[in-house]
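Reading through the structure tokens given below for one structure.
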């Protein structure tokens, strides 16, 4: 009686891990060159928003001008109270962006183009600056790329969740959820929960504005 033949090995793509490490190392190097860059006014505003909310201080409820709150970042970065800690998280997020660009480009154009596309990000000073400053635009970009990847891999709920989280940074991201209506007809029922999850972020934005500024439409007075 002969033994069954061993199952063929499935080759694993190690590029995502290598690119992630490279992007993180690049972010650390950039911070070494510009250490004061981690102190961004918007980041400090997240700290203030969160501390005031925890302490029950309502000074921002009547102020005429301040940085518009980004709910997701207020409640994720705000509790840190440390620019260095926020930068550490943002560096990881920047690494994820490099990986997402690779994965999306690999699906569309092949591995070689995907590697080059991810490496090209390292030449973008704006991207490095956004990571250094823990900018909302970095987080927004990563979430929208995650939504693209989720849809490409038919993970529609994850795609909708990514868009919903993006809405909690900037509500103008909400129309991006409508791409879930353009999936193949056979997948539209599966995509519907993702669409609902994305739109569920809207009341959360209003709730956050009420908590931080005393009104669901509180940020409008800052414009």
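Numbering (the working numbering), first residue to last: 366 to 588. We treat Cβ as the ideally placed atom computed from N, Cα and C, and that holds for glycine.
Only counting the same chain, and skipping five residues up and downstream in sequence, which positions put a Cβ closer than 7 Å to that of residue i?
{"i": "residue 592", "result": "Residue 592 lies beyond the residue range present for the chain, which begins at 366 and ends at 588; the question has no answer from this structure."}
{"i": "residue 555", "result": "521"}
{"i": "residue 511", "result": "465, 527"}
{"i": "residue 581", "result": "571, 574, 575"}
{"i": "residue 395", "result": "493, 497"}
{"i": "residue 400", "result": "none"}
{"i": "residue 450", "result": "none"}
{"i": "residue 523", "result": "515"}
Between which residues of its own chain and residue i is the CB-CB distance below 6 Å, once the five residues before and five after are set aside?
{"i": "residue 479", "result": "467, 470, 471"}
{"i": "residue 391", "result": "487"}
{"i": "residue 532", "result": "538, 539, 566"}
Who are the near neighbours of residue i in its chain, counting only those whose CB is closer than 8 Å to its CB and skipping five residues on each side?
{"i": "residue 413", "result": "425"}
{"i": "residue 440", "result": "415, 573"}
{"i": "residue 406", "result": "432"}
{"i": "residue 371", "result": "Only weak support is given to the placement of residue 371: the predicted model assigns it a pLDDT of 41, under 50, and the value that follows is read from those uncertain coordinates. Once the five neighbours on either side are set aside, residue 371 has no close Cβ partner at all."}
How close, in whole Å, do the beta carbons of residue i and residue j come, if the pair is a contact with beta carbons under 8 Å?
{"i": "residue 311", "j": "residue 492", "result": "This structure does not reach residue 311, given that the chain is present from 366 up to 588, and the question cannot be answered."}
{"i": "residue 448", "j": "residue 404", "result": "5 Å"}
{"i": "residue 509", "j": "residue 503", "result": "Contact doesn't hold; Cβ gap of about 11 Å is too wide."}
Find out if the Cβ-Cβ distance for the pair residue i, residue j is shorter than 8 Å.
{"i": "residue 538", "j": "residue 505", "result": "yes"}
{"i": "residue 438", "j": "residue 534", "result": "yes"}
{"i": "residue 460", "j": "residue 411", "result": "no"}
{"i": "residue 436", "j": "residue 584", "result": "no"}
{"i": "residue 559", "j": "residue 545", "result": "yes"}
{"i": "residue 458", "j": "residue 409", "result": "no"}
{"i": "residue 548", "j": "residue 518", "result": "no"}
{"i": "residue 393", "j": "residue 456", "result": "yes"}
{"i": "residue 378", "j": "residue 586", "result": "no"}
{"i": "residue 463", "j": "residue 388", "result": "yes"}
Going residue by residue through the stretch 503 to 572, where are the continuous beta strand (DSSP E) segments of at least 3 residues, counting only ones entirely within it? none
For a minimum of 4 consecutive residues, which ranges assigned as the alpha helix (DSSP H) are wholly contained in the stretch 423 to 464? 436 to 441
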